[in-house]
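In the numbering used here, the protein residues as written are 894 to 957.
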């Protein structure tokens, strides 16, 4: 499932006690997502299959 810019995402978590940092989707191109990592306070480029396989939507902000 592709993510769109503005969505807040988090790594898939199998145990509820494991807290994970959240990222905001900034951009997506053919090969990579650009994410803003709230914990590290930086932009990261991560491959599309990695993000789509390991992350879930926490909150969606759909623009009109």
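Every residue gets a Cβ at the ideal spot worked out from N, C-alpha and C, and that includes glycine.
All of these numbers come straight from a predicted model, not from anything done at the bench.
- prompt: Tell me, which residues are paired with residue 949 by DSSP?
  reply: Paired residues: 903.
task: Can you grab the Cα-Cα spacing for the pair residue 940 / residue 926, in whole Å?
output: 6 Å
- request: Could you check which residue in 895, 933, 946 and 924 has the C-alpha nearest to that of residue 916?
  value: 933
- prompt: Leaving out five residues before and five after residue 904 in sequence, what residues of the same chain have Cβ atoms less than 7 Å from its Cβ?
  reply: 913, 947 and 948
Spatial neighbours of residue 938 in its chain, beta-carbon cut-off 6 Å, leaving aside the 5 residues before and after: 925 and 927
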